[in-house]
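Before any comments, here is the structure.
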Amino acid sequence: MAVVDTALTETPAQGATDVSQGRFLRAVLRNRKAVLGALILLLMAFVAAFPGVVATRSPQAAIYGQNSLPSSAHPLGTTSLGQDVFSQLVWGTRLTLIVTLIVSAVATAMSMIVGVTAAYLGGVTDRVLTVITDVFLILPVLPLLILLAAYLPPGATSLIIVLCITSWAFQARQLRSQGLTVRSRDFLLAARARGERSLYIILVEIVPTMTSLLVASFLSLAVYVVGFAATLQFLGLGNSSELMWGTMLYNAQQASALEAGNPWWALAPGAAVALLGTGFALLNYAFDEIGNPALRPVRRRRRRGRDRAAA
Amino acid sequence: MRYLARRLGLFLVTLWAALTVNFIIPRVMPGNEAQAVLATFRGTVNPAALHALEIQFGTNVHQGVIASYFEYLGNCLTGHFGVTAQNVPVINEIASKLPWTLGLVGVTTVLAFVIGTLAGAVSAWRRGGRFDGLVPPSLFILSTVPVFFVGLLLIYVFAVKLNWLPLQGNYDIGATPSFSASFIGDVLKHAILPGVSLVVVTAGLWVYSMRNNMVTTISEDYVKMARAKGLPERQVMSGYAGRNAVLPNLTGFAMQIGYVLGGSIAIEYLFSYPGLGYLFYTSTTDHDLPLMQGLFLFYTLAVLVCVLIADLFTAVLDPRMREA
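Line by line, the protein sequences are chains A and B.
Numbering follows the numbering used here, with no gaps: position 7 of the first sequence is 7.
Numbering follows the numbering used here, with no gaps: position 158 of the second sequence is 469.
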């Protein structure tokens, strides 16, 4: 677990940490899923950072032919209002990525606070927090999202708020069980004996031992957030003037793009959502494999009598 | 039995929490959406029903919050979930759409769980084989794709391009509902595309948990023992390894069911399939808050019932749970 400890400081253990750091990097590079996932996310990040470089046309101006098919001028055609679909896709990347990253980070932090606090303090606090977590786990997310979104002005900020409220519970449960396993370790007893406050112990002593689990939480949250954000906007609970993939899908669906012979308007943002989700998912799965050798693909170790499976 | 009693306790607490969330949301959210919406109800809805709604949403109320809260809980307990903008009881509206959702989403969810679990079990049994290398990763990748995207692709290929299957709806517009073979065939034809989208995306949710549980149980001593006794492979796989590996997966089923129901809302909207999900969509565009809140309660109840069913299965399969 310490392989991802990023706290590299000038200590005698420097050499050892360098080695494990290098081994971690090598493990990542050797894992095809990790490399593919990282490439997808890097591509998305580049497009989000420099949309003007990738797409030169205006994403909003309705100045081109309406509902035109893909051509060299408009690689993905134009909308029913005469906007360039490719430019919309490219410029929509930024806000989509920002919403995903903010929600995943905030929700991970929320689940960390709830889970670790419950595990460390125990007793009544633990029981209350566990019940709250269980309730949030069971409440169906999308109906709750829709309900909350109905009361807020449509837009990215509302989207971030409602997604944060609804998506922390699953990871909180996992972090709680991880917290329970470190609870009785000696270094925590030592910290308590020194008379450190609970907040210090939770943030400085417990949380760093969970770095890899937090990264995994962040990645698996990102997979869901990408999908949920797009689904909410697809259902019309976004602000259709804000350029995101989900709002593109909503506009396309409202204009019956598929039936109108303008399929890329709907399929391209859908594919982009799927690709981004897949990128996070691949990285997450590769992370699991690197951290847990039992899950790595086995090739040589085949059971006796299992040869017919390979035939 | 204590296990089931504890789960029943969570059932009641969650239901109460959902009711409370419904009561709190209109009061704590900024703006006065509820007031604006209820103002439009004034002409169409009878005064008694309007009074009940005003108590639920906290507008135009001349009593304390606590008193309102208990009156609202009392209304819900006696089956009064308010009325829609058209003065139809919310519960009647839900009951009229329920069969379509139950048929489409219920069948596909069970199907997806069985497919995912079986695929996970088989791939763990033949770990490292061709099936293991192909099926779980593909299903897993598919499960991260938003369900409506799969729906869009299927519509484009099979409804728009090939024109094999209908684009939307639950049966042909001209058809009259009956129990004739042609009508049932028509309904099934309309259910294929939305159903396949749901199965394809949700089956992967349970593949890896089952595979990984199975990998662990296969190396247990009791499985070795069963092999050593010379039991047929199939019996060892299902009765010894599978039976134990499926237990955490049933808990996983309960965890994912809310997510699956969420996906079904998007699919019903995409295919204009007139079930509860489509009703949810139209209630948001109509700003019909009482209907939305009623649907939220209903979806919570549906999840809870599924969780309880999964718990019952766990109790049946695992003797330890029955005695604990």
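Glycine is no exception: its CB is placed at the ideal position from the N, C-alpha and C atoms.
Check: For Val-372/B, does the three-state DSSP call read helix, strand or coil?; Outcome: coil
Check: Does the structure place the region 565-579 of chain B close enough to the region 135-144 of chain A that three or more beta carbon pairs sit under 8 Å?; Outcome: yes
Check: Could you tell me whether the Cβ of Gly-385/A comes closer than 8 Å to any Cβ of chain B?; Outcome: Nothing can be reported for residue 385/A, as the shown portion of chain A is limited to 1 through 311.
Check: In whole angstroms, what separates the C-alpha of Leu-148/A from that of Val-547/B?; Outcome: 49 Å
Check: Determine the direct distance from the alpha carbon of Ala-577/B to that of Met-536/B, and round the result to whole angstroms.; Outcome: 48 Å
Check: Looking at Phe-582/B and Gly-462/B, is the spacing between their C-beta atoms short of 8 Å?; Outcome: yes
Check: Please confirm if Tyr-151/A has its CB atom under 8 Å from at least one CB of chain B.; Outcome: yes
Check: Using a beta-carbon distance cut-off of less than 7 Å, what residues from the region 343-362 of chain B approach chain A?; Outcome: Glu-344
Check: Verify the CB distance criterion: does Thr-596/B have a CB-CB separation below 8 Å to chain A?; Outcome: yes
Check: Hey, does Thr-231/A have any beta-carbon neighbour from chain B nearer than 8 Å?; Outcome: yes
Check: Below 8 Å on the Cβ atoms is my guess for Val-446/B versus Ala-430/B; work out the distance and round it to an integer in Å.; Outcome: 5 Å
Check: Report the residues of the region 155-168 of chain A with a CB closer than 7 Å to any CB of chain B, ordered along the chain.; Outcome: none
Check: Can you tell me whether Lys-33/A is buried or exposed, with buried defined as 16 or more other CB within 10 angstroms of its CB?; Outcome: buried
Check: Quick one: what's got a C-beta closer than 8 Å to Ala-345/B's C-beta in the same chain, skipping five residues either side?; Outcome: Pro-337, Phe-368, Gly-369, Thr-370 and Leu-600
Check: List, in order along the chain, the chain B residues whose C-beta lies closer than 7 Å to that of Val-273/A?; Outcome: Pro-457 and Phe-460
Check: Can you tell me whether DSSP reads Thr-278/A as helix, strand or coil?; Outcome: helix
Check: Are the CB atoms of Glu-404/B and Leu-558/B within a distance shorter than 8 Å?; Outcome: no
Check: Distance cutoff 8 Å, beta carbons only. Does Met-603/B sit that close to anything in chain A?; Outcome: yes
Check: Closer than 8 Å, CB to CB, is Thr-593/B near chain A or not?; Outcome: no
Check: Which partner residues does Thr-78/A have in the DSSP bridge list?; Outcome: Asp-84/A
Check: When you compare the CB of Val-511/B with every CB in chain A, is at least one pair closer than 8 Å?; Outcome: no
Check: Would you tell me roughly how many angstroms separate the C-alpha atoms of Gly-342/B and Asp-288/A, rounded to the nearest one?; Outcome: 44 Å
Check: Tell me, which residues are paired with Val-394/B by DSSP?; Outcome: Pro-400/B
Check: Kindly list the residues whose CB is nearer than 6 Å to the CB of Thr-100/A, restricted to its own chain and excluding five residues on each side of it in sequence; keep chain order.; Outcome: Ala-222, Val-225 and Val-226
Check: Is Asn-262/A helix, strand or coil by DSSP?; Outcome: coil
Check: Got a sec, what are the start and stop residues for the alpha helix (DSSP H) Pro-143/A sits in?; Outcome: 141-151
Check: By alpha-carbon positions, which one of Val-433/B, Trp-411/B, Phe-392/B and Ser-508/B ends up nearest to Leu-364/B?; Outcome: Phe-392/B
Check: Please state whether DSSP places Arg-687/B in a helix, a strand or coil.; Outcome: Past the boundaries of the shown model lies residue 687/B; chain B is included only from 312 to 635, so the question cannot be answered.
Check: Gln-171/A lies in the alpha helix (DSSP H); which residues open and close that run?; Outcome: 169-182
Check: Check each candidate in Ala-556/B, Ser-594/B and Phe-607/B and name the one with the smallest Cα separation from Leu-628/B.; Outcome: Ala-556/B
Check: Would Tyr-314/B count as contacting chain A if we go by Cβ distances under 8 Å?; Outcome: no
Check: Run through chain A and tell me which residues come within less than 8 Å of Val-611/B, C-beta to C-beta.; Outcome: For the sequence presented, residue 611/B should be read as Thr rather than Val. Within 8 Å Cβ-Cβ: Ile-138, Leu-139, Pro-140 and Pro-143.
Check: Suppose you measure from the CA of Pro-154/A to the CA of Met-110/A; what does that come to, to the nearest Å?; Outcome: 24 Å
Check: How would you list, in chain order, the residues of chain A whose beta-carbon sits under 9 Å from the beta-carbon of Phe-607/B?; Outcome: Leu-139, Pro-140, Pro-143, Leu-144, Ile-146 and Leu-147
Check: Is the shortest distance between the beta-carbon of Val-103/A and the beta-carbons of chain B less than 8 Å?; Outcome: no
Check: Give me the Cβ distance between Gly-37/A and Gly-279/A, rounded to the nearest whole Å; I'm assuming they're in contact under 8 Å.; Outcome: 5 Å
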